[in-house]
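Trainee:
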Amino acid sequence: MIILGCSGWPWDWDDCFKEGLKTALEWAFGKFFDFIFEAIANVVIHAVEAVMKAVGLLWVYIPTPSIEGNTPALWIQTHTQFIMVFIASLAVIVGAVQMAISHRGEPARDILKSLITLVVVTGAATAFAGTLISAADGFSTWIINAALKKDDHNYAKNLLDVMDEPFGWLLVIFVGILMVITAIIQLALMIVRYGMLVLLVGMLPLTAAATNTEMGMMWFKRALAWLASFIIYKPVAAIIYATAFSLMGSEGASHILKVIMGVTLMIVAVVALPAILRFVSPRTS
């Protein structure tokens, strides 16, 4: 309510009227801008809810393309088989030369181990990797669904609670846009993951062709490390997202703090892949 409070001599009413008009305009414009920003915040919340339902968790529910059977991974293995045979033959020759020079049996043992590794990888690595990928996808879907059950699969509604906080509408707009951008980047990273899994499984027999040499063993270990990293990236990101949803729907902390922590964890999920690569293979950069 606006109180002009003009009491005094008539010749003072001019200044009183100006002061009252100024107060009234400030109040009206303040209410007007509050209404506008609250409307924008509500639009952002609904947009976040729609976009997050469409693409926010799409990366969880889209299954990884099969790498078993007649797939691009096996196509790569078939069309690089002659290179694999050439590298394996060259590695055997190198081992034989080393054995002739050193007059010791270690190179022969390394050759045998290398050939056994090549046979195992060629015959069973694709099926084993496919099983691990299916298990990783299943776990990711399960843990996300378990976290979303707390809020009935409506995690964007947590932003509504922030509206009552000071400058809540400003935080809602910023956090909502950030959540949408993060979700789109996460989806793009999962698409990259799918392609890299096909490529790495397809190239794995090629990397196992010369494990009796130092360079060949390093190449093979690096390929295994990258394959493991891309397999576990999806469940790791799912665990981070599930933790974010649990934090945003938890009791005790302030609404602003819970939303900030949740969105921060979503950003952590985006940048988790380089950390996983470094953790699994310390030399990876």
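No gaps in the numbering here: position 103 of the sequence shown is 280 in my numbering, and each next residue is one more. No residue lacks a Cβ here, since even glycine has one placed at the ideal position from N, Cα and C.
Leaving aside the five residues before and after Ala304 along the sequence, list all residues of the same chain whose C-beta is less than 7 Å from its C-beta, in chain order.
Mentor: Contacts found: Glu245.
Trainee: What residue does the alpha helix (DSSP H) around Arg455 start on, and which one ends it?
Mentor: That run of the alpha helix (DSSP H) goes Ala449 to Val457.
Trainee: Check whether the segment 411-427 and the segment 320-327 are in contact - that is, three or more C-beta pairs closer than 8 Å.
Mentor: With a cut-off of 8 Å, the segment 320-327 and the segment 411-427 count as touching, because enough Cβ pairs lie within range.
Trainee: Looking at the unbroken alpha helix (DSSP H) that takes in Asn322, where does it start and where does it end?
Mentor: Note, Asn322: alpha helix (DSSP H), Glu283 to Leu325.
Trainee: Which full runs of the alpha helix (DSSP H) of 4+ residues lie inside the segment 386-446, going along the chain?
Mentor: As far as the segment 386-446 is concerned, its whole alpha helix (DSSP H) runs of at least 4 residues are 391-425.
Trainee: Taking the alpha carbon of Ile260 as the reference point, which residue from Gly315, Leu383 and Val274 has its own alpha carbon closest?
Mentor: Of Gly315, Leu383 and Val274, the residue nearest in Cα terms is Leu383.
Trainee: Using DSSP with H/G/I as helix, E/B as strand and the rest coil, what is His256?
Mentor: DSSP places His256 in helix when its eight states are reduced to three.
Trainee: Which whole-angstrom value describes the C-beta separation of Ala277 and Gly393, a residue pair presumed to lie in contact below a C-beta threshold of 8 Å?
Mentor: Actually they do not touch by this definition, with Cβ atoms about 19 Å apart.
Trainee: Return the Cβ separation of Thr441 and Ser291 in integer angstroms, given the expectation that the two are a contact with Cβ distance under 8 Å.
Mentor: At roughly 46 Å, the Cβ-Cβ gap does not stay under 8 Å, so Thr441 and Ser291 are not in contact.
Trainee: Nearest-angstrom Cα distance between Ser266 and Ala386?
Mentor: Those two C-alpha atoms are separated by around 8 Å.
Trainee: Leaving aside the five residues before and after Trp299 along the sequence, list all residues of the same chain whose C-beta is less than 7 Å from its C-beta, in chain order.
Mentor: What sits at residue 299 in the sequence shown is Thr, not Trp. Correct list, in chain order: Pro382.
Trainee: With Val378 and Leu404 assumed to form a contact (beta carbons below 8 Å), what rounded beta-carbon distance in angstroms separates them?
Mentor: About 7 Å separates the two Cβ atoms, so the contact holds.
Trainee: Taking its Cβ as the centre, do 16 or more other Cβ atoms sit within 10 Å of Thr390, making it buried, or is it exposed?
Mentor: So Thr390 ends up on the buried side.
Trainee: Buried or exposed: which applies to Arg370, given that a residue is buried once 16 or more other Cβ atoms fall within 10 Å of its Cβ?
Mentor: Per the 10 Å Cβ criterion, buried.
Trainee: Between the alpha carbons of Met443 and Ala301, how many angstroms are there, rounded?
Mentor: Cα to Cα, the separation comes out at about 36 Å.
Trainee: Excluding sequence positions up to five away, which residues of its chain have a Cβ less than 7 Å from the Cβ of Ala400?
Mentor: Around Ala400: Leu377, Met380, Leu381 and Thr384.
Trainee: So, are the CB atoms of Met367 and Lys411 less than 9 Å apart?
Mentor: Result yes, Cβ atoms of Met367 and Lys411 sit closer than 9 Å.
Trainee: Going by Cα to Cα distance, which pick from Phe407, Gly426 and Ile437 is closest to Phe131?
Mentor: The chain is shown from 178 up to 462; residue 131 falls before or after that span and cannot be answered.
Trainee: At which residues does the alpha helix (DSSP H) containing Leu235 begin and terminate?
Mentor: That run of the alpha helix (DSSP H) goes Leu235 to Tyr238.
Trainee: DSSP three-state call for Thr359: helix, strand or coil?
Mentor: Helix, per DSSP.
Trainee: Apart from the five residues on each side of it in sequence, which residues of its chain come closer than 6 Å, Cβ to Cβ, to Ser462?
Mentor: Below a pLDDT of 50, predicted positions are generally treated as unreliable, and Ser462, at 45, falls in that range; no measurement from the model is reported.
Trainee: For Ala452, count neighbouring C-beta atoms within 10 Å of its own C-beta (all shown protein chains included) and say buried if the count is 16 or more, exposed if not.
Mentor: Ala452 is exposed by the Cβ-count criterion.
Trainee: Count the other CB atoms, across all protein chains shown, that sit within 10 Å of the CB of Pro312; report buried if there are 16 or more and exposed otherwise.
Mentor: The identity of residue 312 in the sequence shown is Ala, whereas the question assumes Pro. Classification of Ala312: exposed, given that the 10 Å Cβ count is below 16.
Trainee: State buried or exposed for Leu512, treating a residue as buried only when at least 16 other CB atoms are found within 10 Å of its CB.
Mentor: Nothing can be reported for residue 512, as the shown portion of the chain is limited to 178 through 462.
Trainee: Within 10 angstroms of the Cβ of Thr308, are there 16 or more other Cβ atoms? Answer buried if so, exposed if not.
Mentor: With fewer than 16 other Cβ atoms within 10 Å, it is exposed.
Trainee: To the nearest angstrom, report how far apart His256 and Ala250 are at their CA atoms.
Mentor: If you take the alpha carbons of His256 and Ala250, they lie about 10 Å apart.
Trainee: Leaving aside the five residues before and after Ser243 along the sequence, list all residues of the same chain whose C-beta is less than 7 Å from its C-beta, in chain order.
Mentor: Gly307.
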